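For the sequence shown, full-length UniProt numbering begins at 1 and goes up steadily by one. Shown next, in structure tokens, is the structure this report addresses.
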Amino acid sequence: MDLNQLHQLRSLFQASLSTDLQSRHHAEAQLNQLQANPGFLSTLFSLVASADQPLPARQAAAIYLKNFTRSSYDHQSTRITAKPIDQSLQNNKISDQDRTFLKQHLLQAIASVPSSISTLLLPTLAVIISSDYPDRWPEVLPQTINLIGSNEFPLIQAGLLSLLEIMRLYRWSGRDKSQLRSNAITLSFPILLQLAQSLISHPPENYGLLPTPTSLDQANSNIGTLLYLILKIYKTSITAELPIFQQQQIIPWGQLFLAVIRKPLKNSPGFPSDPDDQDRWGWSKAKKWSYFILNRLYSRYGSPSQLPTNMLQYKPFADNFISSFAGPILRLYLEQVELFIQEHDWMSRKVICHTIIFSKSVSDPRRPDYVRSQFAEFFEDICSNPSTISAGFLLALASGRKKTMFMSLLTFITDVCAKYPADHTPRDKDGALRSLAHLATVITETKSIRPNIEEFFSTYVSLSFVTCEVVRKFEIAGSEWSKQELLNTAYQGVTQCLSDPSLPVRVQAALTLPELCEHPQVHEGVAPHIGQIMKVSKFSDELLPFAADMSQALHQSYMRLMSEIADARRRLGDEDDDSSEEKVLVAMNILKTLQQLVVGLEGNVNVLYQVEAASIPLIKYTLKEEIVEIYDEALELLDSTQFALKTIKRAMGFIRDRL
């Protein structure tokens with residue numbers, strides 16, 4: 001290593017952080033000239049790894065190293081697709097000498113540098129593994145296994161991070177790479193399991209890794225971090241296939257997953273007091289991935305009746321999984337929910353699924369988004385809405401286990417309604433009626449139960465939001481009215497709800513009335529209420545002045561989110577980032593909100609043009625940055641805007657070219 005060049009690089013990176021623009025530009029220009037020199041990358045890496053150098057300069061050098069390897073390394077894998085930040089980096093190839101130097105020292109550097117730098121070195125490791133493993137870097141797997149087998153926390157963590165990158169390399173690979181993936185798993189997973197079992201079975205008081213932690217809190221946090229990485233490796237390895245070796249080892253691994261979930265967190269040493277830090281704690285992440293793995297194993301490989309024809313090779317595994325784990329998993333999940341309800345333990349919001357009776361904040365009609373949340377079938381992605389998920393589970397119970405569950409559910413619903421309000425709250429009745437609505441199809445198909453529904457309506461149902469929904473669901477299911485007076489009562493109640501001061505009730509009534517109109521005797525009574533029905537579906541004139549401001553606010557929020565997402569992807573590359581995933585979901589909802597705004601403003605051309613002006617830049621940015629997760633929402637917004645305005649502007653040429 002040339003010490004003079006090392007000191008020169010340090011000075012240049014310090015200058016690149018200067019507040020003076022001219023100094024920064026001068027330093028960057030000199031760095032671009034030096035990068036063509038032989039040994040530049042080795043010296044750059046030495047600066048990053050040197051504990052004697054200033055931390056800001058090392059961080060800046062680590063970022064430069066990441067961008068340089070991404071743009072200049074020979075990429076054989078399609079997994080590394082990031083565009084170079086600086087186009088001037090793209091023309092310089094890395095010499096064999098520098099490549100060898102990086103491979104010899106990178107893993108040790110990740111173990112020894114501060115976390116603020118090791119995070120920046122991981123994308124470089126990912127680039128090298130994706131390009132050179134296994135043909136040009138076969139030693140990385142044995143080196144990784146040796147690190148995992150050590151007794152030092154930093155070395156074990158570095159080994160786990162390296163193995164995670166190897167598993168990511170094969171995450172979506174085809175059958176031609178199956179043998180390579182299986183070999184890596186067969187060689188590394190036994191020591192992973194041994195390490196995980198040791199960590200979960202020993203309390204933090206018996207923490208035996210070096211260096212000795214300064215506190216019990218630190219020891220427990222270290223254990224959680226290592227378990228989290230082990231489970232993330234396992235989760236990545238089962239994305240597309242489940243090798244024979246893992247099928248044979250499912251019993252000890254499954255017991256490990258259950259043990260991690262069973263681990264109490266609330267009073268555990270090191271549990272963060274700040275709610276924002278609790279989800280980021282190592283033990284919290286370990287529990288999250290344990291839930292994910294068990295759900296993935298069951299949904300993709302472990303359900304004998306749900307296996308597609310091209311995956312029947314997993315049938316023996318599925319039978320074994322059901323017999324060995326289905327019961328224990330369900331019991332443990334219910335135990336965890338019970339502990340959470342009784343406030344005996346903490347549970348991450350990322351693993352909580354809403355029940356059919358919603359929490360108070362979700363069921364408050366005064367909330368502005370209450371209507372949106374209650375009409376998921378029209379406004380939301382039905383696969384992500386808590387109401388739809390809960391209803392699907394209830395319907396699956398009633399239809400899939402009709403002999404044992406159906407009558408029990410109906411008895412429970414009737415009991416709640418019969419004992420209201422003496423023994424049950426309004427929320428209880430809301431949940432019971434909502435459950436009844438979702439069971440409409442099964443009830444209508446059951447001849448012995450169908451005649452009793454009218455009696456149920458006349459006894460327990462007073463027409464309002466939820467009960468309008470019950471009537472609508474049963475009408476859709478094809479239920480018949482044997483008594484004319486009950487049909488008239490239902491119709492009159494629905495029409496009265498059209499004048500209800502609550503918007504959710506009016507919307508539900510407007511959706512229910514067309515279903516009742518299938519009955520000829522209802523037709524004559526509908527005409528006087530057409531005006532009220534139309535008012536429900538129109539965008540209120542009082543809200544028009546706020547539509548443009550709303551679209552601008554949504555525009556600003558979206559661009560801020562997109563900027564953060566793009567920066568995170570450039571910084572972390574393929575590394576999972578939970579915060580970016582959440583931001584993508586928020587961005588999706590912003591585009592959906594804009595689309596609904598466009599639909600509601602149809603006919604108000606002046607306001608629509610203002611909304612379009614706020615929307616088109618968002619669509620352009622999404623396509624330009626290739627945020628593919630949001631393409632559907634962006635193009636749906638574009639389609640709605642063009643349809644509402646009946647025009648196509650020249651600005652659309654850019655979008656057409658991107659597509």
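Here a beta-carbon is modelled for each residue, glycine too, at the ideal position from N, C-alpha and C. If you're wondering where the values come from, they're calculated on a predicted model, not measured in any experiment.
{"query": "Residue from I230, K177, P269 and L256 whose Cα sits closest to the Cα of P220", "result": "The identity of residue 220 in the sequence shown is Asn, whereas the question assumes Pro. Residue P269 is the option with its Cα nearest to N220."}
{"query": "Residue closest to I586, alpha-carbon to alpha-carbon, out of L561, S72 and D567", "result": "The displayed chain sequence assigns Val, not Ile, to residue 586. Comparing Cα positions, the closest option is L561."}
{"query": "Coil, strand or helix - L155 by DSSP", "result": "helix"}
{"query": "CA-to-CA distance, I616 to Q610, given in whole angstroms", "result": "10 Å"}
{"query": "Beta-carbon spacing of Y314, L242 below 8 Å", "result": "yes"}
{"query": "Cut-off 7 Å between Cβ atoms - residues of its own chain near K583, not counting five sequence neighbours on either side", "result": "L561, E564 and I565"}
{"query": "Own chain, CB closer than 7 Å to L608, minus 5 neighbours either side, in chain order", "result": "V598, L601, A644 and L645"}
{"query": "Burial state of S361, where buried means 16 or more other Cβ atoms lie within 10 Å", "result": "For S361, the pLDDT reaches just 45, beneath the cut-off of 50, and the residue's location in the model is therefore unreliable, although a value from the coordinates is still provided. Label assigned to S361: exposed."}
{"query": "Contact between the stretch 146–166 and the stretch 98–117 (3+ Cβ pairs under 8 Å)", "result": "yes"}
{"query": "Whether Q246 touches I238 by CB criterion (8 Å)", "result": "yes"}
{"query": "Residue from Q508, T489 and A490 whose Cα sits closest to the Cα of L498", "result": "Q508"}
{"query": "Proximity below 8 Å, CB of L164 to CB of I200", "result": "no"}
{"query": "Sequence-distant residues of the same chain with beta carbon closer than 7 Å to I251, five excluded per side", "result": "S324"}
{"query": "At least 3 beta-carbon pairs within less than 8 Å: the stretch 420–427 vs the stretch 392–410", "result": "no"}
{"query": "Distance between beta carbons of L31 and L17, contact taken as under 8 Å", "result": "Contact flag wrong, Cβ pair sits at about 12 Å."}
{"query": "Backbone CA spacing between F539 and I453 [nearest angstrom]", "result": "With a pLDDT of 49 at F539, under the threshold of 50, the predicted position of this residue should be treated as unreliable, and no value is reported."}
{"query": "Cβ distance (whole Å) where S131 is taken to contact D74 below 8 Å", "result": "6 Å"}
{"query": "Alpha-carbon spacing of E626 relative to P501, whole angstroms", "result": "45 Å"}
{"query": "Alpha-carbon to alpha-carbon, Q492 and R506", "result": "14 Å"}
{"query": "Opening and closing residue of the alpha helix (DSSP H) in which Q313 lies", "result": "Run containing Q313: none; DSSP gives neither H nor E here."}
{"query": "C-alpha distance - A477 paired with W253, whole-angstrom precision", "result": "45 Å"}
{"query": "Cβ-based neighbour list, L511, same chain, cut-off 7 Å, excluding 5 preceding and 5 following", "result": "R472"}
{"query": "Whole-angstrom C-beta distance between M559 and Y621, which should lie under 8 Å", "result": "7 Å"}
{"query": "Sequence-distant residues of the same chain with beta carbon closer than 7 Å to A318, five excluded per side", "result": "Y301, G302, S303, P304 and L307"}
{"query": "Cβ contact (3+ pairs, closer than 8 Å) linking the stretch 220–230 and the stretch 268–285", "result": "yes"}
{"query": "Alpha-carbon to alpha-carbon, L231 and F292", "result": "10 Å"}
{"query": "Spatial neighbours of S479 in its chain, beta-carbon cut-off 6 Å, leaving aside the 5 residues before and after", "result": "T444"}
{"query": "Nonlocal neighbours in the same chain, by C-beta distance under 7 Å from M405, ignoring five residues either side", "result": "L397 and A398"}
{"query": "Residues near P264 in its chain [Cβ-Cβ closer than 7 Å; skip 5 each side]", "result": "D345"}
{"query": "Residue interval of the alpha helix (DSSP H) (run including G431)", "result": "P426 to H438"}
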